[in-house]
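Colleague: Dropping a structure here in structure tokens format, bear with me for questions.
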Amino acid sequence: MYNYDVIIVGAGTAGTYFSYLLGKRGLKVLVIDKDSEKNLAKRLDIFHFTTQSFARFNLPESKAGDPEFVSKFSYIYSRSALDNYEKKNFLEVHVMHLPLFIQRLRNKALKEGVEFRFSTEFKGLLYDDKQRINGIETKAEEKIRARLVVDASGIPSVVRTVVKDPYMENFPIGPRDKFYVFLKYVKLKDPKVKIDMSLSWPYYKGWIAPQQNKDGAIVGVGANISVDYARKCMKKFEDSIKLPEYTLQYEEWGATPYRRPPYSFVTDGFLVLGDAACLTQPMNGEGITSAWVQSTPAADIVAEALKDRKYPTKEALWPINVMYQTGEGAEFAGQRALLVGAVNMTKADNDYLYANGIIFKSDDEEVKGSVAGNLIKGVLKGKFTLAALRSLMRASGTGNKLTKHYKKYPTTPEGYLNWKKRADCLWKKAGSMADNVKDAEE
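Rendered as structure tokens:
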């Protein structure tokens with residue numbers, strides 16, 4: 000006998016939003032989280048959320064006076080490695096408090112009948128007499144049965160990593176597979192200086208952005224390998240770029256996955272979401288909306304798979320794979336491979352890309368000539384290195400092949416293993432962002 004239709008492990012943005020979607024569809028859902036309700040998501044405070052995402056994911060727009068709301072801005076800027084060129088792109092963004100935003104999502108889920116249990120830690124999976132997943136056991140040795148178990152536990156991926164099934168990869172998300180995010184909350188010394196938009200330097204994986212206090216800012220970097228290396232990258236960033244003078248208020252640390260997602264998100268009685276599925280945007284590491292792009296259509300597929308008390312087989316859940324991998328998954332696979340090559344260059348190479356609108360381009364910027372032609376021209380003029388050209392063209396070629404391959408994702412599990420072999424070969428050629436780290440142990 001089942002206690003619930005669905006158990007979700009993890010009460011962050013991915014798990015809570017998905018629980019809300021399932022609750023709206025009449026399913027009996029339990030969400031558990033190892034943290035207490037008071038301490039949930041307290042690791043990071045401020046986050047950015049595109050304004051268009053409210054409408055896209057059918058949420059009322061946060062506004063001044065709402066507990067989670069801080070501010071809004073309408074443009075994002077990025078600058079070249081030598082700080083000589085700037086790009087401007089329109090993007091409306093909300094600045095909000097993450098714990099309060101999650102609380103808002105949880106309140107919506109509670110209204111749909113979803114149950115939450117905090118300070119409840121996952122221990123292991125339960126199986127039926129056919130050796131199919133059908134529930135979980137907690138660290139308190141409580142056994143809870145459900146037809147579908149969902150891993151939304153974030154980077155630890157506590158459920159996915161113990162699933163033993165040829166259709167589910169159980170790799171851990173290690174130091175090479177994530178960015179350690181180092182944030183400095185600062186007070187600006189000059190009262191005339193206001194940081195009311197996001198400004199990034201992609202070469203350094205660094206940025207400065209608004210925080211909750213108008214006379215302050217957040218200075219951040221992301222880096223593979225370790226917390227210590229992220230701190231080292233922060234120093235390199237601040238030594239290279241003249242930021243406004245500030246007084247440090249406090250620091251925050253976080254992490255975001257930065258590797259390809261599992262090839263399959265489903266198997267019998269199981270689904271993985273969010274950071275546990277490595278669903279983040281290649282350009283900036285943001286994960287909330289990437290998770291929701293996957294989970295929004297997944298809610299309908301799950302509801303259908305569970306209809307009439309059915310057990311959700313991998314065949315019934317497989318459309319979740321197809322919809323994501325042939326859409327955003329294909330796009331992001333190409334971008335991720337391209338960016339590995341795009342960061343493997345000198346500061347002067349990066350400036351040349353900005354100067355010519357290659358990869359980095361303003362909304363109103365017209366670029367003359369082809370990318371390949373402009374890169375070759377740069378090599379001939381001595382403004383772009385041959386090594387960078389080779390790296391970028393190789394990465395671009397691999398990225399294009401990955402995008403095409405993902406668009407051919409198998410529509411049923413039968414073609415998966417052969418598809419996976421080809422994907423493995425392409426990702427081996429693509430490499431990873433961590434391959435570019437040369438000075439982590441200096």
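FYI, numbering that gives the first Met the number 0 numbers position 199 of the sequence shown as 198, with every residue one higher than the one before it. Where is the CB? At the ideal position from N, CA and C, for every residue including glycine. All values derive from a computational prediction rather than experimental measurement.
For the alpha helix (DSSP H) containing MET392, list its first residue and its last residue.
Modeller: Taking the sequence shown and counting its residues from 1, the one referred to as residue 392 is at position 393. Taken as a continuous stretch (DSSP letters only), the alpha helix (DSSP H) holding MET392 covers 385-406.
Colleague: At a cut of 8 Å, does the region 146-154 reach the region 4-15 through at least three beta carbon pairs?
Modeller: Short answer: they touch.
Colleague: Using only the alpha-carbon positions, how far apart do ALA354 and ALA139 sit?
Modeller: The residue labelled residue 354 in the question sits at position 355 within the sequence shown. The residue labelled residue 139 in the question sits at position 140 within the sequence shown. If you take the alpha carbons of ALA354 and ALA139, they lie about 59 Å apart.
Colleague: How should TRP252 be labelled, buried or exposed, when 16 other C-beta atoms within 10 angstroms of its C-beta is the threshold for buried?
Modeller: For the purposes of this step, residue 252 is taken as residue 253 along the sequence shown, with counting starting at 1. By the neighbour-count rule (16 or more Cβ atoms within 10 Å), TRP252 is not buried but exposed.
Colleague: At what residue ranges does the region 282-366 contain a whole run of the alpha helix (DSSP H), taking only runs of 4 or more?
Modeller: Qualifying alpha helix (DSSP H) stretches, in chain order: 287-304, 313-324, 327-341 and 346-354.
Colleague: Determine contact between the region 389-404 and the region 113-120, defined as no fewer than three beta-carbon pairs at a distance below 8 Å.
Modeller: No, the region 389-404 does not touch the region 113-120.
Colleague: When DSSP labels each residue in this structure, what does SER239 get in the three-state scheme?
Modeller: The sequence position of residue 239 within the sequence shown is 240, counting from 1. The answer is helix: DSSP assigns SER239 an H, G or I state.
Colleague: In angstroms with no decimal places, state the Cα-to-Cα distance between LYS27 and VAL292.
Modeller: Indexing the sequence shown from 1 puts residue 27 at position 28. Indexing the sequence shown from 1 puts residue 292 at position 293. Those two C-alpha atoms are separated by around 22 Å.
Colleague: Determine, using beta carbons only, whether GLY215 and TYR257 come nearer to each other than 8 Å.
Modeller: Locating residue 215 in the sequence shown gives position 216, where the first residue counts as 1. Locating residue 257 in the sequence shown gives position 258, where the first residue counts as 1. Going by C-beta atoms, GLY215 is not nearer than 8 Å to TYR257.
Colleague: Can you tell which of ILE357, ILE101 and GLN280 has the C-alpha that lies nearest to the C-alpha of ASN38?
Modeller: Numbered from its first residue, the sequence shown carries residue 38 at position 39. Comparing Cα positions, the closest option is ILE101.
Colleague: Among all the DSSP beta bridges, which residues are the ones paired with MET233?
Modeller: Position 234 of the sequence shown holds residue 233. For MET233, which the question treats as bridged, DSSP gives no partner whatsoever.
Colleague: Do the CB positions of THR50 and VAL92 come within less than 8 Å of each other?
Modeller: In the sequence shown, residue 50 corresponds to position 51, counting from 1. In the sequence shown, residue 92 corresponds to position 93, counting from 1. Contact: yes.
Colleague: Please report the residue range of the beta strand (DSSP E) in which TYR126 lies.
Modeller: Here the question's residue 126 lines up with position 127 in the sequence shown. Taken as a continuous stretch (DSSP letters only), the beta strand (DSSP E) holding TYR126 covers 121-126.
Colleague: Express the C-alpha separation of VAL158 and ALA433 in angstroms, rounding to a whole number.
Modeller: Position 434 of the sequence shown, counting from 1, holds the residue named residue 433. Position 159 of the sequence shown, counting from 1, holds the residue named residue 158. When rounded, the distance between both Cα atoms is 25 Å.
Colleague: Does the beta-carbon distance from PHE359 to PRO281 come in below 8 Å?
Modeller: By 1-based counting over the sequence shown, the position of residue 359 is 360. By 1-based counting over the sequence shown, the position of residue 281 is 282. For PHE359 and PRO281, no; Cβs fall outside 8 Å.
Colleague: Can you give the beta carbon distance from THR345 to LYS406, rounded, assuming they're within the 8 Å contact cut?
Modeller: If you number the sequence shown from 1, residue 345 lands on position 346. If you number the sequence shown from 1, residue 406 lands on position 407. Between LYS406 and THR345 the Cβ distance is about 34 Å, and since that is not below 8 Å, they are no contact.
Colleague: Does ILE375 come out as helix, strand or coil in the three-state DSSP assignment?
Modeller: Looking up residue 375 in the sequence shown gives position 376. DSSP places ILE375 in helix when its eight states are reduced to three.
Colleague: Within a Cβ cutoff of 6 Å, which residues of the same chain sit near ASN88, ignoring the five residues on either side of it in sequence?
Modeller: Taking the first residue of the sequence shown as 1, we reach residue 88 at position 89. Within the same chain, ASN88 has close Cβ partners ILE75 and ASP362.
Colleague: DSSP state of GLY268, grouped into three classes?
Modeller: Counting from one through the sequence shown, the residue named residue 268 turns up at place 269. Residue state, collapsed to three classes: coil.
Colleague: So, at 8 Å on beta carbons, what are the nonlocal neighbours of THR160 in its own chain, with the 5 sequence-adjacent residues on each side left out?
Modeller: Taking the first residue of the sequence shown as 1, we reach residue 160 at position 161. ASN169, PHE170 and PRO171, listed in sequence order.
Colleague: So for PRO256, helix, strand or coil by DSSP?
Modeller: For the purposes of this step, residue 256 is identified with residue 257 of the sequence shown, where counting begins at 1. Strand, per DSSP.
Colleague: Is it right to say THR255 is buried, meaning 16 or more other beta carbons lie within 10 angstroms of its own, or is it exposed?
Modeller: Start at 1 with the first residue of the sequence shown, and residue 255 comes out as number 256. It is buried - the Cβ of THR255 has at least 16 other Cβ atoms within 10 Å.
Colleague: Tell me which residues share the same chain as ARG259 and place their Cβ nearer than 8 Å to its Cβ, disregarding the 5 neighbours each side in the sequence.
Modeller: Counted from its first residue, the sequence shown places residue 259 at position 260. Cβ neighbours of ARG259 beyond the five flanking positions: CYS277, ALA332, ARG335 and TRP426.
Colleague: Determine the DSSP secondary structure at ILE45, reduced to helix, strand or coil.
Modeller: Along the sequence shown, one-based indexing puts residue 45 at 46. Of the three classes helix, strand and coil, the one that applies to ILE45 here is strand, per DSSP.
Colleague: Considering only C-alpha positions, which residue in the set ASP348, GLY368 and PRO243 is nearest to ASN83?
Modeller: Numbered from its first residue, the sequence shown carries residue 83 at position 84. Nearest option by C-alpha distance: ASP348.
Colleague: Between the alpha carbons of ASP176 and TYR323, how many angstroms are there, rounded?
Modeller: If you number the sequence shown from 1, residue 176 lands on position 177. If you number the sequence shown from 1, residue 323 lands on position 324. Each residue's alpha carbon lies about 21 Å from the other.
Colleague: Measure the alpha-carbon distance for PRO296 versus SER369 and round it to whole angstroms.
Modeller: Along the sequence shown, read from residue 1 onward, the residue named residue 296 stands at position 297. Along the sequence shown, read from residue 1 onward, the residue named residue 369 stands at position 370. Near 37 Å, if we compare the C-alpha coordinates of SER369 and PRO296.
Colleague: Does the beta-carbon of ALA304 have 16 or more other beta-carbons within 10 angstroms, so that it is buried, or is it exposed?
Modeller: Translated into the one-based positions of the sequence shown, residue 304 becomes position 305. Flag for ALA304 reads buried.
Colleague: Taking the straight line between their C-alpha atoms, what separation do you get for GLU141 and ASP32?
Modeller: In the sequence shown, the residue the question calls residue 141 occupies position 142. In the sequence shown, the residue the question calls residue 32 occupies position 33. Near 14 Å, if we compare the C-alpha coordinates of ASP32 and GLU141.
Colleague: Among all the DSSP beta bridges, which residues are the ones paired with LEU182?
Modeller: As a working mapping, residue 182 is identified with position 183 in the sequence shown. Beta-bridge pairing links LEU182 to GLY219 and GLU251.
Colleague: Should GLY221 be labelled buried (16 or more other beta-carbon atoms within 10 Å of its own) or exposed?
Modeller: Position 222 of the sequence shown, counting from 1, holds the residue named residue 221. Buried: at least 16 other Cβ atoms inside 10 Å.
Colleague: When you compare the CB positions of PRO261 and MET167, do they come within less than 8 Å of one another, or not?
Modeller: One-based indexing of the sequence shown puts residue 261 at position 262. One-based indexing of the sequence shown puts residue 167 at position 168. Going by C-beta atoms, PRO261 is nearer than 8 Å to MET167.
Colleague: Sort THR266, LYS313 and GLY153 by Cα distance to ASP34 and report the nearest one.
Modeller: Here residue 34 corresponds to residue number 35 of the sequence shown, with the count starting at 1. Minimum Cα distance to ASP34 is reached at GLY153.
Colleague: Exposed or buried, which one is THR266 when buried takes at least 16 other CB atoms within 10 Å?
Modeller: Mapped onto the sequence shown, residue 266 falls at position 267. Looking at its Cβ environment, which holds 16 or more other Cβ atoms inside 10 Å, THR266 is buried.
Colleague: Determine whether the beta carbon atoms of PRO311 and GLY268 lie at a separation below 8 Å.
Modeller: Your numbering for residue 311 matches position 312 in the sequence shown. Your numbering for residue 268 matches position 269 in the sequence shown. A contact, by the Cβ cut-off of 8 Å.
Colleague: Using the C-alpha atoms, what's the distance from LYS191 back to ALA329?
Modeller: Looking up residue 329 in the sequence shown gives position 330. Looking up residue 191 in the sequence shown gives position 192. Their Cα atoms are separated by approximately 45 Å.
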